[in-house]
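Q: Numbering (the UniProt record's numbering), first residue to last: 1 to 77. Note that beta-carbon positions come from the ideal geometry of N, C-alpha and C, so glycine has one too. All values derive from a computational prediction rather than experimental measurement.
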Amino acid sequence: AYTFLVQKKVISLQQLIKVMAINQAKFLKLNAGEIKENQLANLMIVDLNAQTRVNNKNSPFYGLELYGGVQRMILKG
Numbered sequence: 001a002y003t004f005l006v007q008k009k010v011i012s013l014q015q016l017i018k019v020m021a022i023n024q025a026k027f028l029k030l031n032a033g034e035i036k037e038n039q040l041a042n043l044m045i046v047d048l049n050a051q052t053r054v055n056n057k058n059s060p061f062y063g064l065e066l067y068g069g070v071q072r073m074i075l076k077g
């Protein structure tokens, strides 16, 4: 999503975060999705400059170079 939406200026990074995290948590009625008092701290640290080539032949993105690599996950922190 970052490569095709944010880098191509279709949406902002803040809009992507809202769609991918905040709205998902609200839809699933989870006490998560934002960094707020009394909410679970489920965080993903991402290097937006990291590049990864998709090697899964079953992926529609096979062979493409995508930006944004997960560096760390923090669950229920």
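Between which two residues does the beta strand (DSSP E) harbouring L66 extend?
A: Start and end: E65 to I74.
Q: Considering Cα atoms alone, identify which of N31, V46 and I45 is closest to residue 88.
A: Since the first residue of the chain shown is 1 and the last is 77, residue 88 is not available in this structure.
Q: Would you call V6 buried or exposed, if buried means 16 or more other Cβ atoms sit within 10 Å of its Cβ?
A: It counts as buried.
Q: Please state the DSSP three-state secondary structure of N23.
A: Helix at N23.
Q: Taking the beta carbon of G63 as the centre, do at least 16 other beta carbons fall within 10 Å, making it buried, or is it exposed?
A: So G63 ends up on the exposed side.
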